[in-house]
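In this note's numbering, the protein residues as written are 389 to 478.
Written as C-alpha cells, this is what we have:
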C-alpha cells in the first residue's frame, strides 16, 4: 500500500483503495459520456436536449446515465470520507 495508508489497518486501507478506484472509474466514464456531446455537465446536456440541439434519443438516456454516474461518484466520495473518519478515530 502507498504511504497514504500509513497508520491504517490493512482492511481499512484496502477498502479505501478499492473505493478510490471505483470513484476514478465513475468519474472517467461520466467524463467520456459528456464528451460525446461536447458538454461540461448534465445540466448543459439537458438544456441542449430541451432546445432541440440534441436529439432526444439516445441523448436523454445518456443524460440519465451521466446523472447516475455522478450520484454514484458522490456516494462513493461520502463512503470514503466515512471510512477515513472511522480510521482516524482508532
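Built from N, CA and C at the ideal position, the CB exists for glycine as well.
Which of the three DSSP states, helix, strand or coil, is assigned to residue i?
{"i": "residue 397", "result": "coil"}
{"i": "residue 438", "result": "helix"}
{"i": "residue 425", "result": "coil"}
What do you reckon, are the CB atoms on residue i and residue j nearer than 7 Å?
{"i": "residue 460", "j": "residue 414", "result": "yes"}
{"i": "residue 421", "j": "residue 450", "result": "yes"}
{"i": "residue 401", "j": "residue 393", "result": "yes"}
{"i": "residue 417", "j": "residue 457", "result": "yes"}
List the endpoints of the continuous alpha helix (DSSP H) containing residue i.
{"i": "residue 447", "result": "444-477"}
Any contact of the stretch 425-442 with the stretch 460-472, i.e. 3+ C-beta pairs under 8 Å?
no
Cβ contact check for the stretch 404-418 and the stretch 441-451: 3 or more pairs under 8 Å:
no
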